[in-house]
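Protein sequences appear in the order of chains Z and C.
Just so we're aligned, residue 599 is where the first sequence starts under the numbering used here, counting upward by one.
Just so we're aligned, residue 599 is where the second sequence starts under the numbering used here, counting upward by one.
Data first, discussion second: the structure below is written as structure tokens.
Number of protein chains: 2
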Amino acid sequence: MTFRITILGSSAAQPSVKRHHAAHALNVHEQFYLVDCGEGTQSRLLEAGINPLKINAVFISHLHGDHVYGLFPLISTLGLMGRKTPLEVFAPRPFDEITEQHFRYFDCGLEFEVQYHPVDTRKHQLLYENKVMEVWSVPLRHRIPTSGYLFREKTPPLNVHKEAIVRYGLSIAQIVAAKRGERILLDDGTELAPEELTYRPYEPRSYAYLSDTLYSAKAAGLVRGVDLLYHEATFAHTDRALARQTGHSTAQQAAKAAIAAEAKRLLIGHFSGRYKDITPLTEEARLLFPQTEAVIEGQAYDIAVKSSIPHATFHP
Amino acid sequence: MTFRITILGSSAAQPSVKRHHAAHALNVHEQFYLVDCGEGTQSRLLEAGINPLKINAVFISHLHGDHVYGLFPLISTLGLMGRKTPLEVFAPRPFDEITEQHFRYFDCGLEFEVQYHPVDTRKHQLLYENKVMEVWSVPLRHRIPTSGYLFREKTPPLNVHKEAIVRYGLSIAQIVAAKRGERILLDDGTELAPEELTYRPYEPRSYAYLSDTLYSAKAAGLVRGVDLLYHEATFAHTDRALARQTGHSTAQQAAKAAIAAEAKRLLIGHFSGRYKDITPLTEEARLLFPQTEAVIEGQAYDIAVKSSIPHATFHP
């Protein structure tokens, strides 16, 4: 039950030898997603050992080149790799027009569909879900319409304690009913509450991507309780005027967002090329929020399974 | 008097961890040029220690994504770097439309002009020149309109032997006249032929980029005598049917082109991802043309100055 974020790029708009444009790869229960897709993302995926064909969906925060220039090259390569499965792309408008123009000039001979879903950057909405996970948009404050994304595991179905099945000799029908949360009536007339038989296998985990943005208390509120918060920290506090002017955050503001969000951990990234050493940015954030790390490109950050306190008080 | 080709990318359309999309950087007398600009070219430039701001002009062979996807990201970064100097871009049509569409959706806030020059891929024409170099188009045979490029040093102006200046006590006016190739009349009535006073400082060097293309005797003829021929070798001879079908060359055909062009050296590249080891391709080409090398990404290939045989028979 993996929940892993791999950092593919960590630079702001001007890349360096060490830092590439924004892209995160997500692995949630062995289903793969991309958040942002800066230039060279397909190369970073290969370097990280992630098969590009496994990507189910791409979530683009905004239409600045450093967050999206890698998408058409990736799509083109997926075509060469023989992809047949549709690729879902979530991005603000007018990404539909950009896509249309692109395929007008570049015949990629795709055998799969690029399914575009416009993201309303003013709304906090459920965009995508599968059996185990939901993805929500999170309105951000940047120079152009921008959305963050919240990836959240769904509350998993109830499990029945194996010991309870044996002790009470539960039938299949009774197990199914217990999993639905129903009360179970035994042959001897004993009635068992679901709490006595069942438990949640794990607590839902979550990851939020808030980039690019000014500090937003509202966005922090929308991801409250998040396990892993990625927040941009383009600038140091000393350059806060520049941050405000360009619609970006300082490391201190990223920490402030982590506090407001009651996040468990904070990852900062999207560093301006002006900082050769980003240690001061990390230190600046840690003063307010000690559980801060500066992202390292190529590194995978796992959110460990949180074993749920058994829902039932069952003690065999 | 540098004449250096740095290989920034060497893969065919599907890149790998080791091989990136097509791009060559040229340094001719400390003036810099790009030939093709696949995804990630700006990162490769940084890795190679070439300042992107120094690029004067970009020559795009054809409008397949793997040869051009890196150009807008590069242009965008040049904008962030504060470039003011125009960037000249040579590419087949409709690159003008693609550029127009791009800037419609991506406001790069450029303070420099992108000067587009359409390349007629059916013609062998002089496209660009400065004091020391000319660039010519070379029609190629690919699935879409494609042009190769020939970079050729101009014949340098005549130099006057220092010893001759001293021996004959030449005046400034006489030196200038000698450099123009005129006969010089000395005060004592002696007349000196230009051959007696002057020499060419070096022989013009040349580099040709022929990619992507089927074997073309015509293209080889147009670059006859080239010092360094880069020719695509996407496939091995065993896959020649595939080469024909996709409009590409085999390593053997690249060698054949080098022979037809009477090239001094051959570099092969644009390797299909199917070959994990490209040694067999190099060997295949060397059977016909021993002076073959497979390009290595990040490596610089210098064409040494060819000292001219003194034009004059002057012996001090």
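Think of the CB as a built atom: it goes at the ideal place given N, C-alpha and C, for glycine as much as any other residue.
Cβ-based neighbour list, residue i, same chain, cut-off 7 angstroms, excluding 5 preceding and 5 following
i, result
"residue 833 of chain Z", "840, 841, 846, 848, 870"
"residue 651 of chain Z", "676, 679, 681"
"residue 878 of chain Z", "834"
"residue 791 of chain C", "781"
"residue 755 of chain C", "777"
"residue 838 of chain C", "848"
Close Cβ partners of residue i (< 6 angstroms) along its chain, the five nearest in sequence each way excluded
i, result
"residue 608 of chain Z", "617, 867, 893, 895"
"residue 820 of chain Z", "722, 736"
"residue 604 of chain C", "623, 646, 898"
"residue 786 of chain C", "none"
"residue 858 of chain Z", "815, 818"
"residue 662 of chain Z", "none"
"residue 804 of chain C", "750, 824, 825"
"residue 861 of chain Z", "824, 827"
"residue 891 of chain Z", "865"
Under 8 angstroms by beta carbon: chain C residues contacting residue i
i, result
"residue 709 of chain Z", "What residue 709 of chain Z touches in chain C: nothing, since even the nearest Cβ is about 15 angstroms away."
"residue 640 of chain Z", "613, 637"
"residue 644 of chain Z", "613, 614, 615"
"residue 661 of chain Z", "703, 704"
"residue 618 of chain Z", "641"
Collapsed DSSP secondary structure at residue i in the structure displayed
i, result
"residue 894 of chain Z", "coil"
"residue 746 of chain C", "strand"
"residue 764 of chain Z", "helix"
"residue 699 of chain C", "helix"
"residue 609 of chain Z", "strand"
"residue 653 of chain Z", "strand"
"residue 724 of chain Z", "strand"
"residue 603 of chain Z", "strand"
"residue 622 of chain Z", "strand"
"residue 740 of chain C", "coil"
"residue 693 of chain Z", "helix"
"residue 904 of chain C", "strand"
"residue 614 of chain Z", "coil"
"residue 710 of chain Z", "coil"
"residue 756 of chain Z", "coil"
"residue 684 of chain C", "coil"
"residue 730 of chain C", "coil"
"residue 910 of chain C", "Here residue 910 of chain C scores only 46 on pLDDT, less than 50, and its place in the model is too uncertain to base an answer on."
Neighbouring residues, chain C, relative to residue i (Cβ below 7 angstroms)
i, result
"residue 674 of chain Z", "663"
"residue 696 of chain Z", "703"
Beta-carbon neighbours of residue i, restricted to chain Z and to distances below 8 angstroms
i, result
"residue 670 of chain C", "663, 667"
"residue 678 of chain C", "611, 612"
Listed by chain order, chain C residues near residue i by CB distance under 9 angstroms
i, result
"residue 969 of chain Z", "The question about residue 969 of chain Z has no answer here: the residues shown for chain Z are numbered 599 through 914."
Cross-chain neighbours of residue i in chain Z, by beta carbon under 7 angstroms
i, result
"residue 699 of chain C", "699"
Neighbour list for residue i in chain Z, Cβ cutoff strictly below 9 angstroms
i, result
"residue 651 of chain C", "Chain Z residues near residue 651 of chain C: none, gap ~12 angstroms exceeds 9 angstroms."
"residue 692 of chain C", "703"
Residues near residue i in its chain [Cβ-Cβ closer than 8 angstroms; skip 5 each side]
i, result
"residue 731 of chain C", "626, 627, 629, 749, 750, 751, 752"
"residue 707 of chain Z", "677"
"residue 873 of chain Z", "834, 879"
"residue 882 of chain Z", "834, 835, 848, 849, 850, 853"
"residue 709 of chain Z", "677, 680, 681, 682"
C-beta neighbour in chain B for residue i, strict 8 angstroms
i, result
"residue 627 of chain Z", "Considering every chain present, this structure includes no chain B. Its protein chains are Z and C."
TODO: Decide yes or no for the touch test of the segment 636 to 646 of chain Z against the segment 654 to 671 of chain Z: beta carbon pairs closer than 8 angstroms, at least 3 of them.
DONE: yes
Task: Length at least 4, wholly inside the segment 767 to 852 of chain C: the alpha helix (DSSP H) runs in chain order - done: 770 to 777, 792 to 795, 815 to 820, 838 to 844
- [ ] At 4 residues or longer, and completely inside the segment 850 to 888 of chain Z: list those alpha helix (DSSP H) runs for me, N to C.
- [x] 877 to 886
Open item on the list: Counting beta carbon pairs with one atom in the segment 744 to 757 of chain C and one in the segment 804 to 814 of chain C, are three or more of them shorter than 8 angstroms?
Closed with: yes
- [ ] Report yes or no: do three or more beta-carbon pairs, one from the segment 708 to 728 of chain Z and one from the segment 680 to 695 of chain Z, lie closer than 8 angstroms?
- [x] yes
TODO: Return the chain-ordered ranges of every alpha helix (DSSP H) run that is complete within the segment 628 to 678 of chain Z and spans a minimum of 4 residues.
DONE: 639 to 645, 669 to 678
Open item on the list: Below 8 angstroms, how does it come out for the segment 695 to 708 of chain C and the segment 765 to 777 of chain C: are there three or more Cβ pairs, yes or no?
Closed with: no
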